[in-house]
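Visitor:
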Amino acid sequence: MTSQRRTNRTTDVGKPLDGVNVLDFCWVAVGPMTTKYLGEYGANVVRVESVKRPGTLRAAAPFKDGIPGINRSGYFASYNANKMGITVDMRHPRARELMLRMARWAHFGYREFYSGYS
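In terms of this note's numbering, the sequence shown is numbered consecutively and its last residue is 136.
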């Protein structure tokens, strides 16, 4: 008796964006949703938030167990799935060094900041 092995093409090959590195500087719905899709297609997405102004979706209901909190928003969790994240004080001198290193790592960045954002 011979066994037949079934293969699943979606697991036998990588995702289309495997190996692509993205810096995500977004903080409103459209940007986080766009970079979420990049992550779903295999990109390494790092969400970068300002310590002084966290993403607006963190304040959006619904909240886990109905209790508001910075890490309890269902929208924030959904729109930022498939990402890593860091929070940085962009005005600190070492933050600039860190962001320059990350920019060299990234293939591209995506942002929604307005002029003068920090």
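Cβ coordinates follow ideal geometry from the N, Cα and C atoms, glycine included. Note that the structure is predicted; figures quoted are calculated from it, not measured.
Nearest-angstrom Cα distance between T53 and R71?
Guide: Roughly 19 Å between the two C-alpha positions.
Visitor: Three-state secondary structure (DSSP) at Y128?
Guide: Strand, per DSSP.
Visitor: With DSSP run on the structure shown, which of helix, strand or coil describes K101?
Guide: strand
Visitor: I need the straight-line Cα distance from P34 to S91, nearest angstrom please.
Guide: 30 Å
Visitor: Once DSSP output is grouped into helix, strand and coil, what is the label at R71?
Guide: coil
Visitor: Beta-carbon separation of S42 and V63 under 7 Å?
Guide: Residue identity differs from the one stated: residue 42 is Asp in this sequence, not Ser. Their beta carbons are under 7 Å apart, which means D42 touches V63 by this criterion.
Visitor: Only counting the same chain, and skipping five residues up and downstream in sequence, which positions put a Cβ closer than 8 Å to that of G60?
Guide: G32, K33, P34, L35, D36, G37 and V38
Visitor: Return the chain-ordered list of same chain residues with a C-beta closer than 6 Å to the C-beta of A78, the five sequence neighbours on each side being excluded.
Guide: S91 and Y93
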